[in-house]
Structure formats: structure tokens, C-alpha cells
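These notes are about the structure you will find just below.
In full-length UniProt numbering, the protein residues as written are 1 to 142.
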């Protein structure tokens, strides 16, 4: 619930599809913020951010961009009630976030990794939540 409540609006729809739509949009917005943060960190003073760290951050910017496109496709599929595509795109989004997550865990990498690791974990948790909701909707249990 703590991942859903901040994005709920007063008087907003509370059916599962509407909640999933809000979650996908929120995740898309947060992905954009993560892209901005990673870009900023990758451009910081070279004495603070190593060449390898900048490479990891730039790679994650690209991966987050892919995730954002997958979220757009998931949102469009949700609007037409294409649950198979929604699930497929959300699975791809989870995979995208996991790729960056693994890059942040590499030994000796990313002086700024703690902050990005935390951001990535929130994105990953939200993507998993969206995927779970979409699977429950498809099964008719929500």
C-alpha cells in the first residue's frame, strides 16, 4: 500500500485497472527522475566519479529509457484491456531495472552507487507490484 497511496487522488477511481494505470504512470514519472539523477551523476567532476562509474550510469540511463518505453506500451495496452501485452511489457520493465541493479552491485564500482541503488530498488519494487496487479487482473482475482 505504501507504494500506491502517495499516487492516489482524492475522489479517484479505485478499481484495479485504474489503480494499475496510476501505478504505471507513477513508475514512468519516477523512471524519468531516475534518468535525470543518473545523467547528473555521470556528468559530475571526474575526480568524484570514475570513468567506470560514469559508464555504468550512462548504461543505466539507456536501460531506464528502454524501461520508460516499455511502460508507455504497457499503459497503452492497459487502455485497450490487452492484459497479455501489459504483462509482457511489465516483465520487460522488471528485467530492465534488474540490469541496472546488477551493475550497481559490481565490486569496486559506483561511488554514487548507494543513492542509485536505493532509487533502482524503489523502481524495481514498483515494477514488481505493477506486474503482480496486472497478473491478478488477468486471472480475475481482483
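Each residue gets a CB set at the ideal place from its N, CA and C atoms; glycine is no exception.
Around residue 116, the same chain offers 104 as residues with beta carbons nearer than 6 Å, after the five sequence neighbours per side are excluded.
By the 16-neighbour rule on beta-carbons within 10 angstroms, residue 123 is buried. With a 10 Å radius around the Cβ and a threshold of 16 neighbouring Cβ atoms, residue 36 comes out exposed.
Residue 17 has its alpha-carbon roughly 18 Å from the corresponding atom of residue 70. Excluding the 5 residues flanking it on each side, residue 73 has same chain C-beta neighbours closer than 6 Å at 89, in chain order. Straight-line measurement puts the Cα of residue 40 at about 36 Å from the Cα of residue 14. Residue state for residue 44 is assigned as coil, using DSSP reduced to three classes.
Around the beta carbon of residue 131, 16 or more other beta carbons sit within 10 angstroms, so the residue counts as buried.
Between residue 86 and residue 77, the gap from beta carbon to beta carbon is short of 8 Å.
Taken in chain order, the complete alpha helix (DSSP H) segments of 4 or more residues contained in the stretch 16-82 are 16-42 and 51-79. Shown here for residue 96: same chain residues with a beta carbon closer than 6 Å to its own, the five before and five after excluded, namely 63, 66 and 67 in chain order. Look at residue 92 here: in three-state DSSP terms it is helix. Taking the Cα positions, residue 32 is about 15 Å away from residue 100.
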